[in-house]
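Heads up, the final residue of the sequence shown is numbered 318 in my numbering, and it's a clean run with no missing numbers. Note that CB positions come from ideal geometry on N, CA and C, so glycine has one too. This report concerns only the one structure given below.
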Amino acid sequence: MDTHPELEMPGSPLLSEMIREEILDGEFTEPLSDDTEGKEEEEVGEDGGEVNMLKRPTSPCPSEDEPASKKRSNEVDKLWKNVHDNPNDFQAWTLLLQHIDQVSDLESGREAYDGFFERYPYCYGYWKKYADLERRKGTKETTCKVFNRGLEAIRLSVDLWLHYMEYITSQFPDNEAFVRQEFERAVDTCGLEFKSDKLWEAYIAWESTGKRWKNVTLLYERILATPTSKYMQHWQKFQEHVKKHLPSEIVGVDEFLSLRREVLAELNRSDIETPDEAPPGVEAAPGDEQVGTNVVSSKLVLPLQYDILRIKVE
């Protein structure tokens, strides 16, 4: 860069002109007074002497990664230009969204995804990516809003419902009522779809994690009444569920007592060494006063399990 001896002279016309140009170019961040031209500010140097420096606002030095930031900004501008030039170019949109995901910029991402979904609202994968961006950078509220916008657009997307329920179960582990409400909303919306098996399985797995075996039984009863692609697998798992637990653990009290009376009527009571009991805390039904209070006779378990399986598939 050429040096200008004239700059050393206070009041130099060249210096005044350069200051004026810098002001016009935005170099100064604060307005200067009319008598700024040519003025110098006295500062103390390291050796204690006075040094002359042109007065201007101080600013932090550019960081080393500033050029990269500018490069990213320029790249986004370039990708946006491609989209604006041809809004119907799907590939241009996907390149923009791919870049947005890489830089993980929430505001730019919202603008890009909102523009994309105005034209392509049925792309499940991009609703998932949008929700994931909100999950990383936004709040639970904004994440749920994105999910629900997507679910409103493609109500029968089992995959999107699954991704939403994975989010709900992970973020609200202690709110059992809310999680169940959202599972019910999911199966009510698309649980009749032929390939909705994974959604039902997720619901059953969640209830099983909480050891709510009666709820698991009710869910199997519902899915076995629905023609799905994995119907036989559900039937096999239901049999395993029934055989794994005592009858009193997997059906309601009223149903259990009714089934027990039916089984007792079919068996010779004299062959039963240890009578079965009502569930803990439940009074014996009329005619069952002699029934114990703690366990179900081993001779009754299998007939009861058989009747449960029989009734649930009728």
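For this session: Mind checking which residues open and close the alpha helix (DSSP H) that includes residue 181?
Result: 180-194
Exercise. Which term fits residue 130, buried or exposed, when burial requires 16 or more other beta carbons within 10 angstroms of its beta carbon?
Worked result: buried
Exercise. Grouping DSSP H, G and I as helix and E and B as strand, with all else coil, what is residue 228?
Worked result: coil
Problem set entry | Beta-carbon contacts of residue 104 that lie in its chain and below 7 Å, excluding the five residues immediately before and after | 112, 113, 116
For this session: From the DSSP output, in three-state form, read off residue 126 for me.
Result: coil
For this session: Give the straight-line distance between the Cα atoms of residue 153 and residue 127, rounded to the nearest whole angstrom.
Result: 12 Å
Problem set entry | Assigned secondary structure, residue 255 (DSSP; H/G/I helix, E/B strand, else coil) | coil
Exercise. Should residue 161 be labelled buried (16 or more other beta-carbon atoms within 10 Å of its own) or exposed?
Worked result: buried
Exercise. Rounded to whole angstroms, how far is the Cβ of residue 137 from the Cβ of residue 108, which I believe are closer than 8 Å?
Worked result: 7 Å
Exercise. Taking the Cβ atom as the reference point for each residue, do residue 217 and residue 249 lie within a distance shorter than 8 Å?
Worked result: yes
Problem set entry | Proximal residues to residue 100 (C-beta, below 7 Å), its chain only, five neighbours per side dropped | 83, 84, 87, 116
Exercise. Near residue 35, which residues of its chain fall below 7 Å by C-beta distance, leaving aside the five closest residues on each side in sequence?
Worked result: Note that residue 35 scores a pLDDT of 42, beneath 50, so its modelled location is shaky and nothing firm can be said.
Problem set entry | Local conformation of residue 143 per DSSP, three classes | coil
Exercise. Cα-Cα, which of 91, 209, 193 is closest to residue 155?
Worked result: 193
Exercise. Is residue 231 buried or exposed, if buried means 16 or more other CB atoms sit within 10 Å of its CB?
Worked result: exposed
For this session: State buried or exposed for residue 188, treating a residue as buried only when at least 16 other CB atoms are found within 10 Å of its CB.
Result: exposed
Exercise. Taking C-beta to C-beta, are residue 175 and residue 132 nearer than 8 Å?
Worked result: no
Problem set entry | Where residue 27 falls: helix, strand or coil (DSSP) | Low per-residue confidence applies at residue 27: pLDDT is 40, beneath 50, and the placement is therefore not dependable, though the value from the model is reported in the following sentence. Residue 27: helix per DSSP, three-state reduction.
For this session: From the DSSP output, in three-state form, read off residue 89 for me.
Result: helix
Exercise. Excluding the five sequence neighbours on either side, which residues of its own chain have a C-beta within less than 7 Å of the C-beta of residue 201, listed in chain order?
Worked result: 232, 233, 234
Problem set entry | Contact check, residue 210 vs residue 227, beta carbons under 8 Å | no
Exercise. Nearest-angstrom Cα distance between residue 135 and residue 146?
Worked result: 9 Å
Exercise. Helix, strand or coil: how does DSSP classify residue 138 here?
Worked result: helix
Exercise. Within 10 angstroms of its Cβ, does residue 177 collect 16 or more other Cβ (buried), or is it exposed?
Worked result: exposed
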